[in-house]
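Engineer:
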Amino acid sequence: MRKTKIVCTLGPATDDEQILRELMLEGMNVARINFSHGTYEKHQQTISLVKKLRQELNLPVALLLDTKGPEIRIGDFEEREVELKKDQVFTLTTEALKGNETKVSITYNELIKDVSEGMTILLDDGLIELKVTSKTNKDIICHVENGGILSSHKGVNIPGAHLSMPFISKQDYSDIVFGIEQGVDFIAASFTRTAEDIIQIRKILSDYQCNTINIIAKIENRQGIENIDDIIRVSDGIMVARGDLGVEVPIEEIPVIQKKIISKVCNAEKPVITATQMLDSMMKNPRPTRAEVTDVANAIYDGTSAIMLSGETAAGKYPVEALQTMIKITERAEQDINYRQRFKNRDCLTNPDVTNAISHATCTTAHDINAAAIITVTKSGKTARMIAKYKPDCPIIGCSTYEYVCRQINLSWGVMPLLIKEEKNTDDLFEHAAEAVERVGYVKPGEIVVLTAGVPLGIAGTTNLIKVQVIGHILLKGRGMIHKTVCASLCVCKDEEEVKNDFKPGDILVMPKTSNHIIEELKQAAGLIIEEDGMNSHAAIVSLSLDIPIILGAQGATEILKSGAIVTLDGETGVVSCN
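Using the UniProt record's numbering, the first residue of the sequence shown is number 1, and each one after it goes up by one.
1) Between the Cα of GLU129 and the Cα atoms of ILE409, LEU84, ILE204, ILE541, which residue gives the shortest distance?
2) Measure the Cβ-Cβ separation of LEU65 and PHE178 and say whether it is below 9 angstroms.
3) Let me make sure I understand the geometry here. Which of GLN18, GLY147, ILE72 has the alpha-carbon closest to that of GLN88?
4) For the segment 21 to 30 against the segment 53 to 61, are there 3 or more C-beta pairs whose distance is under 8 angstroms?
5) Please classify THR573 as buried or exposed, where buried requires at least 16 neighbouring CB atoms within 10 angstroms.
6) Report, in whole angstroms, the separation of the C-beta atoms of LEU465 and VAL455, which I expect to be a contact under 8 angstroms.
7) For ILE508, which residues from the same chain have a beta carbon less than 8 angstroms from its beta carbon, with the 5 sequence-adjacent residues on both sides left out?
8) Could you have a look at MET386 and say whether DSSP puts it in helix, strand or coil?
9) Where do the N-terminal and C-terminal ends of the alpha helix (DSSP H) with VAL575 fall, by residue?
10) By DSSP, does GLN277 sit in helix, in strand, or in coil?
11) When burial is assigned at 16 or more other CB atoms within 10 Å of the CB, is ARG233 buried or exposed?
12) Hey, quick one: how far does the beta strand (DSSP E) through GLY398 stretch, first residue to last?
13) List, from N- to C-terminal side, the beta strand (DSSP E) runs of 3 residues or more that fit wholly inside the segment 106 to 146.
14) Note down, in chain order, each residue of its chain lying with its Cβ closer than 8 angstroms to the Cβ of GLU117, except the 5 sequence neighbours on either side.
15) Is the Cβ-Cβ distance between VAL575 and ILE551 less than 9 angstroms?
16) If I follow the unbroken alpha helix (DSSP H) through MET326, where does it start and stop?
17) Hey, quick one: how far does the beta strand (DSSP E) through GLU532 stretch, first residue to last?
18) When you compare each of GLU321, VAL256, GLU447 to ASN370 by their alpha carbons, which one comes out closest?
19) Can you tell me which of GLY472, VAL156, ASN100 puts its alpha carbon nearest to the alpha carbon of MET119?
20) Excluding five sequence neighbours on each side, which residues of the same chain lie with their C-beta closer than 7 angstroms to the C-beta of GLU331?
21) If I measure Cβ to Cβ from GLU17 and keep anything under 8 angstroms in the same chain, skipping five residues before and after, which residues do I get?
22) In the DSSP assignment, what residue or residues form a beta bridge with residue 598?
23) So, are the CB atoms of LYS344 and ASP302 less than 9 angstroms apart?
24) For the beta strand (DSSP E) holding ARG479, just list the boundary residues, first then last.
25) Write down the C-beta distance between CYS394 and ALA373 rounded to the nearest angstrom, noting that I regard them as a contact closer than 8 angstroms.
26) Quick check on DSSP: helix, strand or coil for PHE503?
27) With respect to the alpha helix (DSSP H) encompassing GLU17, which residues constitute its N-terminal and C-terminal limits?
28) Is GLU196 helix, strand or coil by DSSP?
29) On a Cα-Cα basis, can you pick out the residue from SER190, LEU23, GLU521, GLY316 that is closest to PHE35?
30) Any idea which residues DSSP pairs LEU490 with across the strands?
31) To the nearest angstrom, report how far apart ALA322 and LYS170 are at their CA atoms.
32) THR362 to ASN356, Cα distance in whole Å?
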């Protein structure tokens with residue numbers, strides 16, 4: 001099972017319902033809609049299609065609204081594009097005009113106050129570099145350091161500048177309200193600079209009594225990096241948006257920043273998305289470059305919760321192939337990681353509290369008993385995210401009674417969401433969770449799982465309970481020997497004569513006790529369930545000699561169990577469960 005999640009950006013390339021269906025079936029965990037482009041009518045159509053398909057396919061695909069944010073762009077040119085030449089003078093103006101090769105308008109009039117002589121201004125993701133030489137009350141006069149072809153509406157970046165523009169524009173406010181009305185699961189806050197930026201969004205959600213949306217802070221500038229600890233504290237997750245970030249800070253710093261942010265966010269028990277240009281060449285080509293493959297793999301090795309496709313799926317020629325390629329790279333990188341060793345090397349005392357201790361102990365227990373999965377029963381998703389922090393080797397199954405929580409934890413590393421019905425007490429809730437997990441095929445009857453939740457039920461953030469359980473309906477328990485698990489048909493016999501008449505090779509033999517008179521039949525048994533107890537009993541010695549799994553001391557086995565029934569015998573736990 002793939003542990004790292006994948007966010008796919010939707011756009012013209014996914015307008016075809018069949019393409020979107022394929023993305024969901026292939027493994028898209030989160031659908032991102034970029035509100036820098038498109039109309040509300042178009043966004044609503046896209047959201048409705050995602051909702052329709054995820055219900056039809058029964059997949060907890062989350063919806064992420066990506067805001068435009070406090071970005072600055074140039075205006076329109078008279079012609080389609082202009083060429084700026086090195087050493088020429090070029091002016092950015094607050095005047096509303098059609099631009100040419102000497103002047104163009106900008107979307108933020110107060111930029112004049114935020115820049116000073118000698119500052120660098122970058123256009124079109126840094127492809128064109130300007131140096132501020134002077135300014136008037138309406139113009140910023142620049143020297144062209146690096147020229148190039150420039151077209152309308154390209155982005156403007158001022159590395160190192162602390163812009164005074166408001167974080168939430170009227171458009172962003174309207175977009176957030178639209179997202180609330182449409183029931184999105186995440187809001188990605190573009191160009192987050194401070195914790196206060198995130199708090200502003202929380203206030204909007206509060207005003208609309210919305211408690212079902214998580215906020216992802218996008219780190220895209222120097223201010224965001226400087227305030228990263230406070231931003232992590234108040235947000236629900238982080239996106240390392242390397243596109244604008246690579247323009248705002250020296251490009252050679254990006255790998256270091258990426259690793260540090262991923263580590264910080266993981267330690268804070270929150271999801272982190274690594275984004276931008278991961279498989280950029282696949283917008284036009286059916287195969288990625290070697291460098292892109294390595295970039296994706298390195299994000300996995302860094303421990304990112306999720307990786308993101310942008311233009312590759314939104315507007316590329318090969319949206320499905322791009323996702324398939326990313327999945328292959330991810331799965332191969334994960335195969336190379338020894339998660340148990342990483343867990344052993346991790347310090348569990350980073351945040352010494354009850355929830356952290358229980359989460360760490362849950363992972364330790366799962367590894368020690370080779371559990372098939374960890375099942376978390378969670379109201380808010382907190383328990384699942386806590387387990388994900390420690391990145392255990394086995395799958396994490398996040399059970400919740402809320403659909404929106406299932407979609408949100410679908411962004412968390414290693415978590416497989418599962419919707420369950422609400423129960424009034426812990427035992428019933430655990431039993432229902434275990435039954436649901438078995439029903440959907442995440443685990444098999446007879447396998448061991450570790451369950452964790454909080455008591456009392458229904459209170460978020462109170463993870464304080466661990467339970468080890470065998471999946472399936474338990475028929476009986478005894479003393480297990482030989483750490484093997486077998487699944488076979490039962491042959492229940494009261495005496496040796498019945499063994500001679502009824503036993504077939506490959507059966508699990510059930511009887512009060514054994515002797516050498518049936519040694520040939522014992523040699524052909526898949527397993528033994530014996531009412532007699534004792535490590536020095538005949539049956540125990542035969543089991544050890546022939547390496548046959550056995551359960552001793554299985555009181556009432558010949559009465560409880562019926563011949564012909566298919567059961568699972570777990571020689572390690574001493575449990576017999578029905579299939």
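Ideal placement from N, C-alpha and C gives every residue a C-beta, glycine not left out.
Structural biologist: So, from the data block:
1) Here residue 129 is taken as the residue at index 129 of the sequence shown, counted from 1. Among ILE409, LEU84, ILE204, ILE541, the Cα nearest to that of GLU129 is on LEU84.
2) The residue labelled residue 65 in the question sits at position 65 within the sequence shown. The residue labelled residue 178 in the question sits at position 178 within the sequence shown. Taking 9 angstroms as the Cβ cut-off, LEU65 and PHE178 qualify as a contacting pair.
3) Counting from 1 along the sequence shown, the entry for residue 88 is found at position 88. Ranked by Cα distance from GLN88, the first of GLN18, GLY147, ILE72 is GLY147.
4) yes
5) The count along the sequence shown starts at 1 and reaches residue 573 at position 573. Buried, by the Cβ-count rule.
6) Locating residue 465 in the sequence shown gives position 465, counting from the first residue. Locating residue 455 in the sequence shown gives position 455, counting from the first residue. With a Cβ gap of about 5 angstroms, LEU465 and VAL455 count as contacting.
7) Taking the first residue of the sequence shown as 1, we reach residue 508 at position 508. Only VAL486, ALA488, SER489, LEU490, CYS491, ALA525, ALA526, GLY527, LEU528, ILE529, VAL567, LEU569 meet the Cβ criterion.
8) Locating residue 386 in the sequence shown gives position 386, where the first residue counts as 1. DSSP places MET386 within a helical segment (H, G or I) once states are collapsed to three.
9) Reading the sequence shown from its first residue, position 575 is the one you call residue 575. Looking at the DSSP string, VAL575 is not in any alpha helix (DSSP H); the run it does join, the beta strand (DSSP E), is 575 to 578.
10) Counted from its first residue, the sequence shown places residue 277 at position 277. Here GLN277 sits in coil by DSSP.
11) As a working note, residue 233 is residue 233 in the sequence shown. Exposed.
12) For the purposes of this step, residue 398 is identified with residue 398 of the sequence shown, where counting begins at 1. From DSSP, the beta strand (DSSP E) with GLY398 extends over 396 to 400.
13) 120 to 123, 128 to 135, 139 to 146
14) Indexing the sequence shown from 1 puts residue 117 at position 117. Taken in chain order, the residues that qualify are VAL132, THR133, SER134, LYS135.
15) Locating residue 575 in the sequence shown gives position 575, counting from the first residue. Locating residue 551 in the sequence shown gives position 551, counting from the first residue. Yes; because the gap between Cβ atoms is below 9 angstroms, this pair is in contact.
16) Translated into positions along the sequence shown, residue 326 becomes position 326. 319 to 335 is the span of the alpha helix (DSSP H), which, as asked, contains MET326.
17) In the sequence shown, the residue the question calls residue 532 occupies position 532. Unbroken run through GLU532: none, as it is neither H nor E.
18) The residue labelled residue 370 in the question sits at position 370 within the sequence shown. Of GLU321, VAL256, GLU447, the residue nearest in Cα terms is GLU447.
19) As a first step, residue 119 is located in the sequence shown; it is residue number 119 there, counting from the start. Comparing Cα-Cα distances from MET119 to each of GLY472, VAL156, ASN100, the minimum goes to VAL156.
20) Against the sequence shown, residue 331 aligns to sequence position 331. These residues qualify, in order along the chain: ARG2.
21) Position 17 of the sequence shown, counted from the first residue, corresponds to residue 17. The answer, listed in chain order, is LEU49, LEU53.
22) In this structure the chain extends from 1 to 579, so residue 598 is not present and cannot be described.
23) Translated into the one-based positions of the sequence shown, residue 344 becomes position 344. Translated into the one-based positions of the sequence shown, residue 302 becomes position 302. Their beta carbons are not under 9 angstroms apart, which means LYS344 does not touch ASP302 by this criterion.
24) Taking the sequence shown and counting its residues from 1, the one referred to as residue 479 is at position 479. Segment 479 to 481, the beta strand (DSSP E) holding ARG479.
25) Within the sequence shown, residue 394 is the residue found at index 394, counting from 1. Within the sequence shown, residue 373 is the residue found at index 373, counting from 1. CYS394 to ALA373, Cβ: 5 angstroms. Contact.
26) Taking the first residue of the sequence shown as position 1, residue 503 is located at position 503. The answer is coil: DSSP assigns PHE503 none of H, G, I, E or B.
27) Along the sequence shown, one-based indexing puts residue 17 at 17. 17 to 26 is the span of the alpha helix (DSSP H), which, as asked, contains GLU17.
28) Here the question's residue 196 lines up with position 196 in the sequence shown. Helix, per DSSP.
29) Locating residue 35 in the sequence shown gives position 35, where the first residue counts as 1. Minimum Cα distance to PHE35 is reached at SER190.
30) Residue numbering aside, residue 490 sits at position 490 when the sequence shown is read from its first letter. Partner(s): ILE508.
31) On the sequence shown, residue 322 is found 322 positions in, with the first residue counted as 1. On the sequence shown, residue 170 is found 170 positions in, with the first residue counted as 1. Looking at the two C-alpha atoms, the distance is approximately 35 angstroms.
32) As a position in the sequence shown, residue 362 is number 362, starting the count at 1. As a position in the sequence shown, residue 356 is number 356, starting the count at 1. So the alpha carbons of these two residues sit roughly 10 angstroms apart.
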